[in-house]
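In our numbering, the protein residues as written are 7 to 473.
A virtual CB, placed ideally from N, CA and C, is assigned to each residue, including glycine.
In this text the structure is predicted, and so the values were computed from the model without any measurement.
The structure appears right after this line, and notes come after that.
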Ligand code: DOR
Ligand code: ZN
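This is the structure:
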């Protein structure tokens, strides 16, 4: 072989367990060779990674790219540019679009749009359609990454399932071998609390914290765990904000329930009352950001290996939908795919977390949980050549105006952060170079999980034949 497609030279590679020097060869979108002793042919393209750190491509398992139907907030072009800028090489997109991704036709539509526009690889969650299990089979047949179940109303979701429907949906997913990811907040409790707050004239941002208390989250978590225990389905709980949920999850893990947990940077790094007092509804998000003491306990759970993944919950809205007086009419969520990795690299520099842990939480585990490992989440020979190359010493300010997302609002605006991605490589194609997004890069592709079959035990599913 005379030349291969891409060579990364002088790399310091960090995986979930190791740190080593290597030259990495890429051919036909896959890792061709990796190591110190290997002799690698010259590359058509070469990156000198001297002074930089190469990570397996970061996966954001939780984005809302809004296409189709709400492209004024975001689309796959701008969303994936934000991903590339943030060093994210694969995104898993949520189903609360218009139409919602709940059956074969809506899945095909979103897949087509994303294939035309995305710079990074993408997986698509399916949504739950009440009283309809046939659609689940359509989603399954098309390679949906998993089923997303909302236990309360939120952007684009006004109906949520009755408890019995949750059990039925989980039973069907268990039979199909589809993992269920849950937004766990108790819808009925929230509606009742909101009415009571409205009745006494509350419309200030802090009312949001009272209307979606931690009790609503813990209560919903207890229900979905019980349903998972009864049906044997594998579940993943998104955006956990409180260690009380983690405690509950641990007890169900000891009963054999296979459950994995995600949290997001804002729950680890912000104090809800402080940030909502300062920024108002810019920081409004479901579930809400709790108090500093909660985030410290969340850190303990994360460090103790009880939380499996970090996702951004990238939920873009236009500033005029966020910056309004009345809390009840303000949109929930803010963009995060571009800031997630830098925020966590900053924590590496502060000594809060190691780079190995960052790789485990933001690349390897999301790949394992959603059946993408070892194609994604790994730098083994034969894996997809997805790499995030970071300058751990680079200092820059996060600026809302500078975000690639259409949504120029973030509660991290103005924060100086140390540690930024400078290159991102998707199946051998460079999409971020020297910190600049390469808009003309080849398009991303749908990623499809390896199915695990029904039932199961243990923490995170390992597709058979991959370990
Ligand atoms: O704050 C949120 N925004 N939480 C969600 O669960 C949905 C998201 C959105 O889609 O806007
Ligand atoms: Zn979300």
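Beyond the five residues adjoining it in sequence on each side, residue 410 comes within less than 7 Å, by CB distance, of 84, 87, 88, 91, 344, 443 in the same chain, given in chain order. DSSP places residue 109 in no beta strand (DSSP E); its state is neither H nor E. For residue 144 against residue 183, the beta-carbon gap comes to about 15 Å, at or over 8 Å, which does not count as contact. In this structure, DSSP gives residue 68 an extended state, which the three-state scheme calls strand. In this structure, 121 is the residue among 58, 29, 31, 121 with its C-alpha nearest to the C-alpha of residue 453.
Where residue 334 is concerned, there is no enclosing beta strand (DSSP E), because DSSP gives it neither an H nor an E. For residue 15, the enclosing beta strand (DSSP E) covers residues 9-20.
Looking at the backbone, the Cα of residue 113 and that of residue 148 are separated by about 8 Å.
Nearest to residue 233 by C-alpha distance, out of 172, 124, 193, is 172. For residue 257, there is no enclosing beta strand (DSSP E); the enclosing alpha helix (DSSP H) has its first and last residue at 249-259. Membership of residue 189 in the beta strand (DSSP E) is indicated by the continuous run 186-189. The nearest non-hydrogen atom of the ligand DOR is 7 Å or more from the C-beta of residue 190. Here DSSP, grouped into helix, strand and coil, assigns residue 429 to strand. Residue nearest to residue 157 within the set 141, 140, 136 is 136 (criterion: CA-CA distance).
The residues 81, 82, 119, in chain order, have a CB closer than 6 Å to that of residue 73 in the same chain once the five nearest residues on each side in sequence are set aside. Under the 8 Å Cβ criterion, the stretch 49-63 counts as touching the stretch 390-400, having at least three qualifying pairs. With the criterion CB distance below 6 Å from any heavy atom of the ligand DOR, the matching residues run 70, 102, 160, 161, 189, 291, 292, 321, 338, 339 along the chain.
Pairwise C-beta distances place the stretch 209-223 in contact with the stretch 278-298, as three or more of them are shorter than 8 Å. Counting only runs of 4+ residues, the alpha helix (DSSP H) found wholly inside the stretch 130-185 occupies 140-147, 169-182, in chain order.
Rounded to the nearest whole angstrom, the C-alpha separation of residue 380 and residue 97 is 16 Å. A Cβ-Cβ contact shorter than 8 Å links residue 227 with residue 190. The stretch 409-423 and the stretch 319-334 touch, with no fewer than 3 CB-CB distances between them shorter than 8 Å. The beta carbons of residue 229 and residue 169 sit about 6 Å from each other, so the pair counts as a contact at 8 Å. In the DSSP annotation of this structure, the continuous segment of the beta strand (DSSP E) that includes residue 36 starts and ends at 36-41. Secondary structure at residue 307: helix, using DSSP grouped into helix, strand and coil. With contacts defined by Cβ atoms closer than 8 Å, residue 17 and residue 9 do not form a contacting pair. If the five residues before and after residue 423 are omitted, its C-beta is found closer than 7 Å to the C-beta atoms of 348, 349, 352, 402, 404, all from its own chain and listed in chain order. The criterion of a C-beta distance shorter than 8 Å is satisfied by residue 248 and residue 223. Straight across, the Cα-Cα distance linking residue 251 with residue 192 is about 13 Å.
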